[in-house]
DNA sequence: TGTTCTATTATTAGGCC
DNA sequence: TGGCCTAATAATAGAAC
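Chains as they are written, first to last, in the UniProt record's numbering: chain R, 1 to 167; chain H, 1 to 167.
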């Protein structure tokens, strides 16, 4: 969305909710239409809403009925494949996502920590950190100190190759 | 809609069409989900596609059947309200849109012409214009010339009020 | 063939009338 | 209330792997 990042939760304000519904249902149907045109698929959408007495049906009630007929003709086990209580299929999907989630989480931790480190270095304000953050920060700082140390060594070797210090 | 402006027509390239389908059907379902969450409406979507043996059904086949049941329970005249052959209703909608379309068209014409005028003035290349464009351009230029004339007069009157020219 | 990246277009929240 | 506007976020085409 826009102007502000959308929080995905029921919009309590009646006026805002209706405005959002109008815009978004229009947008949704446009997207469905584009999908059908671009990819030559058959689709229908039905939206039951409190603003109209009748559900919004796209692209036409006739087409919806055709698509539904095709759908109803499927064997029962296919029709119920997505039922909310079908645990094994849900679990499979969840597992598949968990891998990605874990990776994202690690990335985020690293980024967050690096951000905190720079904020602290700039402001000098270390006192508000949690114990866990402090520990992680110390680890990160030590890593960086080691890196810097290695870099100093490298540069010294480049500038004064194989030369012993005086005294 | 991106990297290039999308042309709304069947994507001939198999690979691109499939990629587009995957992205867009995912996007469509996300939008449907958001609509339901934000506005508390009940909706379902069914997409019949050549890549899977079964149609893609959202949010679940169970929910789809519930929404369809509600839809099927409507009286016949409502169910067929959107049928492609229902000319009077289509015509009404078309008329409603035509007003807006006409206004937009006029706006566009004006903008396009103004753009062409400036391009021509900058480049000096008038030779590639169509007859119609040329005529419109002449009209626009004459308008502008008149405007400039009026402005010159205005400024002269401001600088030399009620004064006759020498000789 | 699917996944990831990112430049660009498309959608839309909130404000205004 | 509904339509218009604009700033800002979201979706995604095309490329690379």
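In this text, a Cβ means the ideal position worked out from N, Cα and C, and glycines have one as well.
Computed from a prediction, not measured in an experiment: that's the story for all the values here.
### Message
Give me, in chain order, the residues of the same chain whose beta-carbon lies closer than 7 Å to that of residue 8 of chain H; leave out the 5 immediate sequence neighbours on both sides.
### Response
As a position in the second chain, residue 8 of chain H is number 8, starting the count at 1. Cβ within range, chain order: n/a, list empty.
#### Entry: C-beta contact flag for residue 41 of chain H and residue 29 of chain R at 8 Å
Looking up residue 41 of chain H in the second chain gives position 41. Looking up residue 29 of chain R in the first chain gives position 29. No.
### Residues bridged to residue 42 of chain R [DSSP beta-bridge criterion]
As a working mapping, residue 42 of chain R is identified with position 42 in the first chain. DSSP output for residue 42 of chain R lists H/48 as bridge partner(s).
### Task
Report the partner residues of residue 57 of chain R according to the DSSP bridge assignment.
Residue 57 of chain R sits at position 57 when you count from the first residue of the first chain. Note: residue 57 of chain R sits in a beta bridge opposite R/46.
### Message
So the candidates are H/26, H/19 and H/33; which of them puts its Cα closest to the Cα of residue 25 of chain R?
### Response
Here residue 25 of chain R corresponds to residue number 25 of the first chain, with the count starting at 1. The option with the nearest alpha carbon to residue 25 of chain R is H/33.
### Message
Let me make sure I understand the geometry here. Which of H/70, H/37 and H/45 has the alpha-carbon closest to that of residue 53 of chain R?
### Response
As a working mapping, residue 53 of chain R is identified with position 53 in the first chain. Looking at the Cα atoms, H/70 is the closest of the given residues.
### Task
Answer with buried or exposed for residue 85 of chain R, where buried requires no fewer than 16 other C-beta atoms within 10 angstroms of its C-beta.
Along the first chain, read from residue 1 onward, the residue named residue 85 of chain R stands at position 85. Here the model assigns residue 85 of chain R a pLDDT of 44, short of 50, so the residue's position is not dependable, and the following value carries that caveat. Classification of residue 85 of chain R: exposed, given that the 10 Å Cβ count is below 16.
### Message
Looking at the strands, I want to know which residues DSSP matches up with residue 2 of chain H.
### Response
For the purposes of this step, residue 2 of chain H is taken as the residue at position 2 of the second chain. Looking at the DSSP assignment, residue 2 of chain H forms a beta bridge with H/4.
### Message
Quick check: is any heavy atom of the ligand FAD less than 7 Å from the C-beta of residue 138 of chain R?
### Response
Ligands in the displayed structure: none, and consequently the ligand FAD is not present.
### Message
When you compare the CB positions of residue 23 of chain H and residue 51 of chain H, do they come within less than 8 Å of one another, or not?
### Response
In the second chain, residue 23 of chain H corresponds to position 23, counting from 1. In the second chain, residue 51 of chain H corresponds to position 51, counting from 1. The criterion of a C-beta distance shorter than 8 Å is not satisfied by residue 23 of chain H and residue 51 of chain H.
### Task
Give the secondary structure of residue 145 of chain R by DSSP, where H, G and I count as helix, E and B as strand, and everything else as coil.
Locating residue 145 of chain R in the first chain gives position 145, where the first residue counts as 1. Taken through DSSP and simplified to helix, strand or coil, residue 145 of chain R comes out as helix.
### Query
Less than 8 Å separating the beta-carbons of residue 67 of chain H and residue 36 of chain H?
Translated into positions along the second chain, residue 67 of chain H becomes position 67. Translated into positions along the second chain, residue 36 of chain H becomes position 36. No, they are not a contact pair.
### Query
Which residues, taken in chain order from the stretch 26-49 of chain H, show a beta carbon closer than 7 Å to some beta carbon of chain R?
Answer in chain order: 27, 28, 31, 32, 34, 35, 37, 38, 39, 40, 41, 42, 43, 44, 45, 46, 47, 48 and 49.
### Task
Can you tell me the Cβ-Cβ gap for residue 145 of chain R and residue 39 of chain H, rounded? I've got them flagged as a contact below 8 Å.
For the purposes of this step, residue 145 of chain R is taken as the residue at position 145 of the first chain. For the purposes of this step, residue 39 of chain H is taken as the residue at position 39 of the second chain. About 53 Å separates the beta carbon of residue 145 of chain R from that of residue 39 of chain H, a gap too long to meet the 8 Å contact definition.
### Contact set between residue 17 of chain R and chain H, taken where Cβ atoms lie within less than 9 Å
Within the first chain, residue 17 of chain R is the residue found at index 17, counting from 1. The answer, in chain order, is 38, 39 and 40.
### Query
Is it right to say residue 219 of chain R is buried, meaning 16 or more other beta carbons lie within 10 angstroms of its own, or is it exposed?
The displayed coordinates of chain R run from 1 to 167. Any statement about residue 219 of chain R would go beyond what the structure contains.
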